[in-house]
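Encoded as structure tokens, the structure appears first; notes follow it.
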Amino acid sequence: MTSGEPLAGGGAERGVERPASVVRPFLLTAGRIAGGDSLVPPIPIETQVVATDRGLAALDRFVFDQHRDIITVCREPQSLAEIAARLRMHLNVVRVLADDLRADGQLTLYAPQARSNRDVTVLRRVIDGLRAVPDSRGAIREG
588 MTSGEPLAGG GAERGVERPA SVVRPFLLTA GRIAGGDSLV PPIPIETQVV
638 ATDRGLAALD RFVFDQHRDI ITVCREPQSL AEIAARLRMH LNVVRVLADD
688 LRADGQLTLY APQARSNRDV TVLRRVIDGL RAVPDSRGAI REG
């Protein structure tokens with residue numbers, strides 16, 4: 588399988604990217620936005636996400652491919668930023684969908700400790716990871 592091909596039937600291989608979705612983001616999230624509730628801040632981008640046994644068992648029952656794809660790539664721990672990059676989905680859409688899947692018991696989210704968002708090494712790793720994401724032409728930013 589080469590980069591840019593869609594993920595096939597839940598058999599995602601590490602490093603395989605999916606083409607951008609043709610489904611509008613507001614349909615996937617039912618118009619909800621990450622952090623739309625001012626009392627609950629959005630899930631941090633470095634939050635680690637892992638599929639549960641329940642989520643893996645439900646792979647063939649999802650209405651939207653995006654739900655199945657999120658569960659599939661989360662067979663191994665992934666950050667929200669990594670999921671968004673690998674699936675070519677908007678980060679805030681991934682936040683909303685991941686929170687929905689967590690509420691249904693299909694994902695487990697491991698949010699960073701409050702102090703880690705001020706840790707320079709964590710920020711450096713996030714910046715390095717974002718720089719490693721190819722742009723729309725497939726080029727990696729140098730920096």
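Just so it is clear: in the sequence shown, position 89 is 676 by this note's numbering, and no numbers are missing. Note that the Cβ used here is the ideal one computed from N, Cα and C, for glycine as well.
Residue 685 and residue 716 do not touch by the CB rule: their CB atoms are close to 17 Å apart, not below 8 Å. Under the DSSP assignment, residue 707 falls in the alpha helix (DSSP H) whose first and last residues are 707-718. DSSP, reduced to helix, strand and coil, places residue 698 outside both helices and strands of the structure shown, so it counts as coil. According to DSSP, residue pairing for residue 665 in a beta bridge involves 636.
Residue environment: residue 660 is assigned as buried (16 or more neighbouring CB atoms within 10 Å of its CB, all protein chains considered).
A Cβ-Cβ separation of about 11 Å leaves residue 645 out of contact with residue 694 under the 8 Å criterion. Around the beta-carbon of residue 671, 16 or more other beta-carbon atoms lie within 10 Å, marking it buried. In this structure residue 630 is not in contact with residue 642, their Cβ atoms being roughly 17 Å apart against a cut-off of 8 Å. In the structure shown, residue 681 falls within a helical segment according to DSSP collapsed to helix, strand and coil.
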